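First comes the structure, then the notes that go with it.
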Amino acid sequence: MAYTATHKYARISARKVRHLASLVRGKFADEALDILRFQPHRGARMLEKVIKSALGNAEHQQAPGVDDLVVIDARVDGGPMFKRFQPRARGMAYEIKKRMAHIKVSLDTVAVAGADVGQNSGQAGAEE
2 MAYTATHKYA
12 RISARKVRHL
22 ASLVRGKFAD
32 EALDILRFQP
42 HRGARMLEKV
52 IKSALGNAEH
62 QQAPGVDDLV
72 VIDARVDGGP
82 MFKRFQPRAR
92 GMAYEIKKRM
102 AHIKVSLDTV
112 AVAGADVGQN
122 SGQAGAEE
């Protein structure tokens with residue numbers, strides 16, 4: 002069973018958090034937290050909080066092995082934008098887009114995560 006947590010409407014551009022999500026995807030949850038702890042980015046703090054929330058959800062639902070949870074999915078989607086206007090010369094205005102992101106993390110046990118990887122690699126081999 003996957004344990005998920007979501008941070009919707011995070012006031013950061015999705016582009017700034019996606020590379021951090023790709024760093025932790027497929028790693029153990031505690032290893033992912035260690036990786037994010039030493040990243041000098043504001044998005045790392047947000048992603049770290051979401052992973053901790055997913056771990057808390059797993060503990061609340063009495064997950065069998067909380068220490069063996071793997072980040073099976075870390076997705077960062079774009080959210081809505083605040084649109085502002087910056088006055089410019091000759092009566093013009095430039096649009097400023099204050100972007101938001103939806104950060105979603107799913108954790109699952111090692112056995113299930115390994116089975117998912119095996120299924121995907123088998124399908125890829127069949128296509129070639």
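Going by the numbering used here, the sequence shown opens with residue 2, and the numbers climb by one from there. In this text, a Cβ means the ideal position worked out from N, Cα and C, and glycines have one as well. Keep in mind that this is a model prediction, so the values were computed, not measured.
Tell me which same chain residues have a C-beta within less than 8 Å of the C-beta of E129, skipping the five on either side of it?
Unreliable positioning characterises E129 in this predicted model, as indicated by a pLDDT of 44, which lies under 50. A coordinate reading is not provided.
Who are S107's beta bridge partners in DSSP?
Looking at the DSSP assignment, S107 forms a beta bridge with T5, D74.
By how many angstroms is the C-alpha of A75 removed from the C-alpha of M2?
Rounded to whole angstroms, M2 to A75 spans 16 Å at the Cα level.
Between L108 and A90, what straight-line distance do the alpha-carbon atoms span, to the nearest angstrom?
Taking the straight line joining both Cα atoms gives about 51 Å.
With a CB to CB cut of under 7 Å and the five nearest residues on each side skipped, what residues in its chain are close to L24?
These residues qualify, in order along the chain: I36.
Assuming A30 and V71 make a contact with CB atoms under 8 Å, what is their CB distance in whole Å?
That pair is a contact at about 7 Å.
Name the residue from T7, S14, V67, D69 whose alpha carbon lies nearest to the alpha carbon of R43.
If we check each option's Cα against that of R43, S14 comes out closest.
Can you tell me where the alpha helix (DSSP H) with M47 in it begins and where it stops?
From DSSP, the alpha helix (DSSP H) with M47 extends over 43 to 61.
Bridge partners for Q87 per DSSP, in chain order?
Y95, per the DSSP bridge assignment.
Can you tell me whether A30 is helix, strand or coil according to DSSP?
A30 falls in the helix class under three-state DSSP.
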